[in-house]
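*Asks:* Under our numbering, the first residue of the sequence shown is numbered 77, with each subsequent residue one higher.
Sending over a structure as structure tokens; questions will come in a sec.
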Amino acid sequence: MGDWLLNAARQLKLTKASLNVLQASFNPTELNILPLTLNAKTLKGIIDKELVANGFDIDFITEANIEFQFPDPKIYRTTIYCFPYLIDKDGRRYDSGRLIAEGLEPNFDPFDEVNICPTKRKATIIDKIKNLFG
């Protein structure tokens, strides 16, 4: 998910973004691309499992967000700063502080349909020949 977020943010020239974990939605909305939202949808389930495992009701957390900062790409090409926080039903806020994530994949276009759904790419002449013979 980090590489998709990093590449999308770099292409959109963003310095900041955020994720509403409980709704699996990004701000700015241009980041709501399928690979990011699919991964984001799994995060609420992780929170719910942790709450239950630690004796809390699943409605104990009312807000879960991650604020992202993308430093100057000329200096920190692959770095993402993450600032996650939770708010419980009593209004208490839980901050973990800054987490640093690094992109690992080579640069790619996260908005290109070929990258989002590789099976939808057009067949090349080589693909057609391969299918013809075997």
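Backbone N, C-alpha and C fix where the C-beta goes; we use that ideal spot for every residue, glycine too.
Computed from a predicted structure; not experimentally measured.
Can A93 and A116 be called in contact, C-beta distance under 7 angstroms?
*Replies:* no
*Asks:* At 4 residues or longer, and completely inside the stretch 102–129: list those alpha helix (DSSP H) runs for me, N to C.
*Replies:* 110–129
*Asks:* Which of the three DSSP states is assigned to L162 in this structure?
*Replies:* Three-state DSSP puts L162 in a strand.
*Asks:* In terms of alpha-carbon separation, which member of D124, E189, R153, I122 lies closest to P182?
*Replies:* R153
*Asks:* Hey, out of C158, G121, G173, I142, whose CA is closest to G179's CA?
*Replies:* C158
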